[in-house]
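Each remark here refers to the structure printed beneath this line.
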Amino acid sequence: MTPRAKAKTQNNKADSAEEEARNRQETLKVLQRFGRKQGNLIPILQKVQSRLGYLPREAMVEIANHLGIPEIDVYGVVTFYNQFRLNPPGKHLIRVCLGTACHMKGGYITLDAWKRRLGINQGETTPDREFDLDTVACVGCCTMAPVTVVDNQPEGKVEPTKVDGILLAFELERGAKGQEAAQ
Ligand code: FES
1 MTPRAKAKTQ NNKADSAEEE ARNRQETLKV LQRFGRKQGN LIPILQKVQS
51 RLGYLPREAM VEIANHLGIP EIDVYGVVTF YNQFRLNPPG KHLIRVCLGT
101 ACHMKGGYIT LDAWKRRLGI NQGETTPDRE FDLDTVACVG CCTMAPVTVV
151 DNQPEGKVEP TKVDGILLAF ELERGAKGQE AAQ
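To convert, note that position 131 of the sequence shown is 131 in the working numbering; the numbers rise steadily by one, no gaps.
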């Protein structure tokens, strides 16, 4: 391994150790507000996820210790309900509308285009943590069908070519930020 690659690996390890410590701290803060009743498991999970954006392993361990239950029980609940996520969310949330009007106007074709371009399925996050892909029911802009909601902003007439345009805009924005940071 080159010295540069080695330094990068060490930095990544330090980052993830810091993140773990931060996740633990945040989880402990939430736990202080809840009693040790097992019935508190779901409200605790919801609160921790709202703070961290997801439920990392270290948070589940702390929760299991607090409630005096096995970790596997916490994990079982987290994987049972689809409101909970085990991985950090992406920076940008892409939601393809599959309500009736959007479905009639090719919402599934748009969804396929997003899947192909991002290389993920719905409910997943890109490996670089830039994008989450999901679906949504009618968002009330049916005249603009097919609609994709990009970071809470509904975009109308999103056909496959427009998917490319939206992604290009994100790339340009990222490039501009990278250049600003380098100056
Ligand atoms: S069905 Fe998509 S916005 Fe109404």
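For each residue, glycine too, the CB sits at the ideal point set by N, CA and C.
What you are looking at is a predicted structure, and each value in this text was computed from that prediction instead of being measured.
* Less than 8 Å between the CB atoms is what I'm expecting for VAL150 and ILE166, so what's the real figure, rounded? => 6 Å
* Where ARG117 and MET144 are concerned, what is the direct C-alpha to C-alpha distance, given to the nearest angstrom? -> 22 Å
* Asked: Hey, ASP134 and GLY90 are a contact pair by Cβ (cut 8 Å); roughly how many whole angstroms apart?
  -> Contact check for ASP134 and GLY90: beta-carbon distance about 10 Å, past the 8 Å limit, so the pair fails to qualify.
* To do: Kindly examine the ligand FES and report whether one of its heavy atoms sits closer than 6 Å to the Cβ of ALA17.
  => no
* To do: Output the residues surrounding the ligand FES, defined as those with a CB atom closer than 5 Å to any ligand heavy atom, in chain order.
  => CYS97, GLY99, ALA101, CYS102, CYS138, VAL139, CYS141, CYS142 and VAL147
* To do: Would you mind giving the Cβ-Cβ distance between PHE84 and GLN49, rounded to the nearest angstrom? I have them listed as a contact below 8 Å.
  => 6 Å
* Drop a sphere of 10 angstroms on the beta-carbon of LEU45, count the other beta-carbons inside from all chains shown, and report buried for 16 or more, exposed for fewer. => buried
* Asked: Which word fits GLU173, buried or exposed, when buried means at least 16 other C-beta atoms lie within 10 angstroms of its C-beta?
  -> Counting Cβ neighbours within 10 Å, GLU173 comes out exposed, since fewer than 16 surround it.
* With respect to the beta strand (DSSP E) encompassing CYS102, which residues constitute its N-terminal and C-terminal limits? -> Not the beta strand (DSSP E): CYS102 falls in the alpha helix (DSSP H), residues 100-104.
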